[in-house]
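Here the structure is laid out as structure tokens; the discussion comes afterwards.
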Amino acid sequence: MTNLATEKQFDFDDLHPSPDKRSENEHDIEKSTSTVEEILQQVQRELCLIKLCWPDVSIMTENLYVRSLPNTYRCVSDKERLLLWYAENFRRQFYAKYVNRRPLLLACENECRVQKFVSTSIRRSTLPYPELYTWRGCVQFISDNIEYQPLAEVFIMVTYDLLKQDCRQGNTEELKNNYNII
Numbered sequence: 001m002t003n004l005a006t007e008k009q010f011d012f013d014d015l016h017p018s019p020d021k022r023s024e025n026e027h028d029i030e031k032s033t034s035t036v037e038e039i040l041q042q043v044q045r046e047l048c049l050i051k052l053c054w055p056d057v058s059i060m061t062e063n064l065y066v067r068s069l070p071n072t073y074r075c076v077s078d079k080e081r082l083l084l085w086y087a088e089n090f091r092r093q094f095y096a097k098y099v100n101r102r103p104l105l106l107a108c109e110n111e112c113r114v115q116k117f118v119s120t121s122i123r124r125s126t127l128p129y130p131e132l133y134t135w136r137g138c139v140q141f142i143s144d145n146i147e148y149q150p151l152a153e154v155f156i157m158v159t160y161d162l163l164k165q166d167c168r169q170g171n172t173e174e175l176k177n178n179y180n181i182i
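Structure follows, in structure tokens:
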């Protein structure tokens, strides 16, 4: 019985080893995991970098597909260069101010391996109707402005003449088409 008890204790110790008894493999795995995470963070930072040197693209070295694309795909205009300078300046300021945030993707390479600005903007959009800011306000707005009329004959298709009318009442099909509701 004592051997069985010691075996059970041994198995239990193997399942939950103390930090001192960790094997070298576990330390290697943790090290490699942290190394992989560092590499991924470095790659992510490099992907968001904006290259501020623009080599001339030779048409002779390009393949047939790249030659078929317009010049705007293969070359960077002076305006685009200025825009990329501004974007890189903004990226540096953003990174300095918000170190813990994900880097911004402001420019990326196109099919011709030429870096182009990615036109994005995040702007706060406010509706001119403050009652639409809440779901209750939306419900109230819809109930005040739309009057639902069920179909008289459910199996008959709605005619085009009814759909052209600009009215604030009708069945679901008419209202959907009048107000472009999907």
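Just so we're aligned, residue 1 is where the sequence shown starts under UniProt numbering, counting upward by one.
C-beta: ideal position from N, C-alpha, C; glycine also.
| query | result |
| --- | --- |
| Can you check whether the CB of Leu84 is closer than 9 Å to the CB of Phe94? | no |
| Could you compute how far the alpha carbon of Arg81 sits from the alpha carbon of Ser119? | 14 Å |
| Quick one: what's got a C-beta closer than 8 Å to Leu127's C-beta in the same chain, skipping five residues either side? | Tyr133 |
| Checking the sheet assignment: what are the DSSP bridge partners for Glu109? | Gln115 |
| Taking Gln140 as part of the alpha helix (DSSP H), name the residues at either end of that continuous run. | 135-145 |
| How about Cys112 and Leu69: are their beta carbons less than 9 Å apart? | yes |
| Return the chain-ordered list of same chain residues with a C-beta closer than 6 Å to the C-beta of Val99, the five sequence neighbours on each side being excluded. | none |
| Using the Cα positions of Asn71 and Leu106, report the straight-line distance between them to the nearest angstrom. | 21 Å |
| Rounded to whole angstroms, what is the Cα-Cα separation between Ile50 and Glu147? | 54 Å |
| Considering Thr72, what are the terminal residues of the alpha helix (DSSP H) in which it resides? | 71-74 |
| What is the DSSP secondary structure of Leu153, counted as helix, strand or coil? | The residue asked about is misnamed: residue 153 is Glu in this sequence, not Leu. Coil, per DSSP. |
| Can you tell me which of the three DSSP states Leu83 falls into? | helix |
| With distances taken from CA atoms, which of Phe117, Leu40, Glu131, Val139 is nearest Arg102? | Leu40 |
| Tell me whether the beta-carbon of Gln140 lies closer than 9 Å to the beta-carbon of Glu153. | no |
| Can you give the Cα-Cα distance for Cys108 and Ala87, rounded to whole angstroms? | 12 Å |
| State the DSSP-derived secondary structure class of residue 191, mapped to helix, strand or coil. | This structure does not reach residue 191, given that the chain is present from 1 up to 182, and the question cannot be answered. |
| Which first and last residues belong to the alpha helix (DSSP H) in which Leu64 is found? | 64-68 |
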